[in-house]
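Comments concern the structure below.
Residue numbers (the numbering used here), protein chains in the order written: chain A, 573 to 996; chain B, 16 to 297; chain C, 1011 to 1346.
Here it is, written out as structure tokens:
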């Protein structure tokens, strides 16, 4: 029986040696000067890969344009930007964490941007331990603790902006008075009581009645819920769901004979893909989503240099990809997230993480989607961006077109807290 | 209960029954649970996408072709991938690995983006003053016809009799002149074909991407446990029960429907492990 | 010391050398990414050992992830709400897992075979559903953050947010302890009885072996180890939440044990866990979308050629080596 161990031990030693010899070259010498390495964890495999694949090319073009201009200005120097992407399939937290580790330990990035997965709690400790700035969405910030995670930035207020997004849509449909908020939600029905004050405030300010209906995670058959919504008098839906859920809801509501507009928290993907999910052109009419293309914004002012760069990105993308428009979500998350970090570096005049965080906290930051203060001190311990455009698109025919805007200016706004996550 | 919910529960039941029946047939041949069964569902959905949606072949013809093609794939898998492995444990692991293989293969060939199959039966239909989705109605009718056809085939034809004999007593059946090997192949093909049909008729109501096989597999497993592991009748019962829970319970209670589905399975395993209609093992 | 004695002791010496190697390894190889992979592999080793233990008692548990979850959440709650120190949290997690397993086991182990497997499958799914929905305890999808330092000795508090190396040694220790425990059990009378109950249940009953008792024992022990693994993993990630315990997790344990070798109680699961874990992660990083296909094909090929697992190599290896020597030398004594 002990023989077992001899041979097993030999095999494992052999394997570990092979591993070590393969891995050793990856332990690099310090990076050559004047290069700024930025990492990005997004889904590139699995069903959410559509997001990653749509956002990556736009970020790469932005990087190329900066480098063509000579680099990003940091103090007296210009830094060349290097972008590294790692696959973080949305529903595997350990894969997200492994992706973050490979970027930080292997590629030695200074920041991880445009992370919109649900694994904040697993990714943040890794980043904060190494003083790597993490610029992510508020979608999974439930465990955020400002003293424990001083290098986390919430550059994209996915949760907070939902009310303003919804009201932007409602204002374009004055004939509809009832909105149904829907998403996956776990058990607690107490949640209904938490939202009543928000719903009352919405009715007071906008004259819109709110219904809330939730479904379990992984639902693909929405018929029972759609039936219920119809009974309760829903006229417009607002969903926090994935493009899949929204597409299915659109398809199934259409098959049942309902034509309600459906507004999404995120940006709508290429309408070809949406048509695939919704089933037909008719079914996908009136699907609304985030649409913050800088050149389309009306109520929010974008600084000339960012507007300029946005148009350059757009042109370069259209040239490279045969006239297609870049994905709106790439501006809502990808490029904006990267830009916020770069702004912080520029304002600090250095790449030192503490200086960058100091610059980002409190001071007005210029971005692709407007200029605003990264604050939220009172509610989050900072920094969370607000002042987001909340520009919405609507699908008319085969295209997504600009619909309306209802900008979010202040996270301390009484209507900003949609899910009760903000701890006051 | 609104009529839409009733129809919905029938739709779900149909899917589960077809999946579960297929799984039972495959189980009777392979002797183990085929965890890759859900992948045949997915392949059937892709088949209908390429045949009906892309190539424009008549819907019903596409259905038959989908079942035949995927059934054939199933036969190949069983003969060349599964049979060389004698031991059941290793065979189960191979079926689990096959899940990744199929998902990966289809991602490579067709891409990860979800595809759509336009409904062959568009619009709504008014019956007794109630507006119902034509697509769902048609799906239920087709499924009922398929299940009835399956039943008739197994109970009333000679081939069906041979199948039942070969499954229960292969040696004796061989002595009676039944070519057990051939019959087994046929059963395997039918089992996988049923999964493909489930995928094909459900596709217009949902979507098609490489990962849609996971959920139907779980539901099929639950269905055969509830109904009774060895029997086709049990698969029907299990499918109906799960369909009702998924739709009716979901409508009234919402998200606890998932828990209830699994809870019922546990209860049955505790008190009547052979399922509602299975034979007592001992 | 004659040659025979050395030869007899050789396995032990090599084993100790191997352990020394794993201890020195991270100090020499500074690649932190590799170390983080090995830490996760260690957790998987414990998980696989647990699965193997249940398997050797004749049962196929496809829901072991449920005990990872129970252990994980218990550990998180003990650490964050009750403020318990590291080792106590781990112990508490293991115990709670064991208790749950015991209570469930005495009911569902009765069923045996296929029914038991499906019951565990259902239990695995139910655990995830509960984790997602029992907001008051598990905080649903948000999960629970754990940021307690691992060790506080007087004034010195080693906060493991800054360095992961101590995790490596702790998991190494845990794996060695668990391996020792299962190996000793396997070699003992208990192990023999368990195996006979697995291989020939009817006959064992005739001989007076109380089947249920042994199945429950192994099931509970496995859950204890798995629970500790879960709690450790949660400390390492600083977070626990439903996505960590998918249904796929449990089947991964099965794959690991089969690849490593099912007929070995300890070596098989450990080797399988390390190899599957390491290559799985490396493929994820380098292959992205192709990973599922490559992984699936590799598993199938491995099973075709080595159905009894990599442990088989130990039997084929010496014969193969001897065959090499035979070609060079002249007779059976040519093997030096």
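For each residue, glycine too, the CB sits at the ideal point set by N, CA and C.
Integer Cβ distance of residue 873/A from residue 813/A, believed to fall under 8 Å
Incorrect: roughly 32 Å between the Cβ atoms, too far for contact.
List the residues that DSSP assigns as beta-bridge partners of residue 1318/C.
Note: residue 1318/C sits in no beta bridge, so no partner.
Pick from 82/B, 254/B, 227/B: whose alpha carbon is nearest that of residue 240/B?
254/B
Taking C-alpha atoms, which residue in 1072/C, 1244/C, 1186/C lies nearest to residue 1050/C?
1244/C
In the structure shown, what three-state DSSP assignment does residue 1215/C receive?
helix
Please return the same chain residues whose Cβ sits closer than 7 Å to the Cβ of residue 609/A, not counting the five positions on each side in sequence.
603, 654, 656, 679, 680, 681, 682
For residue 980/A, three-class secondary structure by DSSP
coil
Neighbour-count burial assignment, residue 747/A, 16 or more Cβ in a 10 Å radius:
exposed
Are the CB atoms of residue 251/B and residue 242/B nearer to each other than 8 Å?
yes
Note down the Cα distance separating residue 997/A from residue 703/A, rounded to an integer number of angstroms.
Given a span of 573 to 996 for chain A in the structure shown, any question on residue 997/A remains unanswerable.
So with Cβ pairs under 8 Å, would you call residue 20/B a contact of chain A?
yes
On the three-pair Cβ rule with 8 Å, is the segment 1078-1094 of chain C touching the segment 1198-1214 of chain C?
no
Which residue comes first and which comes last in the alpha helix (DSSP H) that contains residue 1294/C?
1277-1297
Return the CA-CA distance between residue 1033/C and residue 1179/C, expressed in angstroms with no decimal places.
7 Å
Rounded to the nearest angstrom, what separates residue 1273/C and residue 825/A at their Cα positions?
54 Å
Candidates 63/B, 192/B, 191/B, 125/B, of which the one nearest residue 216/B by Cα:
63/B
Cut-off 6 Å between Cβ atoms - residues of its own chain near residue 1171/C, not counting five sequence neighbours on either side:
Confidence at residue 1171/C is low in this model, with a pLDDT of 49, below 50, so the placement of that residue should be treated as unreliable; the coordinate-derived value is given next. Closer than 6 Å at Cβ, skipping near neighbours: no residue.
With 8 Å set as the bound, which would you pick, yes or no: does the beta-carbon of residue 1121/C sit closer than that to a beta-carbon of chain B?
yes
Does the pairing of the segment 1025-1039 of chain C with the segment 1260-1279 of chain C give three or more beta-carbon distances under 8 Å?
no
DSSP beta-bridge partners for residue 753/A?
784/A, 810/A
What's the C-alpha gap between residue 623/A and residue 644/A?
27 Å
When you compare each of 1048/C, 1069/C, 1138/C, 1305/C to residue 1175/C by their alpha carbons, which one comes out closest?
1048/C
Measuring straight from C-alpha to C-alpha, what distance separates residue 155/B and residue 22/B?
8 Å
Helix, strand or coil: how does DSSP classify residue 962/A here?
coil
Helix, strand or coil for residue 938/A, going by three-state DSSP, please let me know.
strand
Between residue 855/A and residue 823/A, which are expected to be in contact by the criterion C-beta below 8 Å, what is the C-beta distance as a whole number of angstroms?
5 Å
Thinking C-alpha only, which one of 1321/C, 1299/C, 1304/C is nearest residue 126/B?
1299/C
Counting only Cβ-Cβ distances shorter than 8 Å, please list the residues of the segment 833-849 of chain A near chain B, keeping chain order.
845, 847, 848, 849
For residue 273/B, decide whether its Cβ has a neighbour in chain A, counting only Cβ atoms nearer than 8 Å.
yes
From the DSSP output, in three-state form, read off residue 183/B for me.
helix
Give a yes or no on whether the C-beta atoms belonging to residue 1191/C and residue 1067/C are separated by under 8 Å.
no
Could you check how far apart the C-beta atoms of residue 741/A and residue 976/A are, in whole angstroms? I think they sit under 8 Å.
7 Å
Over what stretch of residues does the beta strand (DSSP E) that includes residue 36/B continue unbroken?
That residue, residue 36/B, is in no beta strand (DSSP E); its alpha helix (DSSP H) goes 18-45.
Near-chain A residues of the segment 146-161 of chain B - C-beta to any C-beta below 9 Å
146, 147, 148, 149, 150, 151
Using the Cα positions of residue 54/B and residue 664/A, report the straight-line distance between them to the nearest angstrom.
21 Å
At the 8 Å Cβ level, is residue 1291/C part of the contact set with chain B, yes or no?
no
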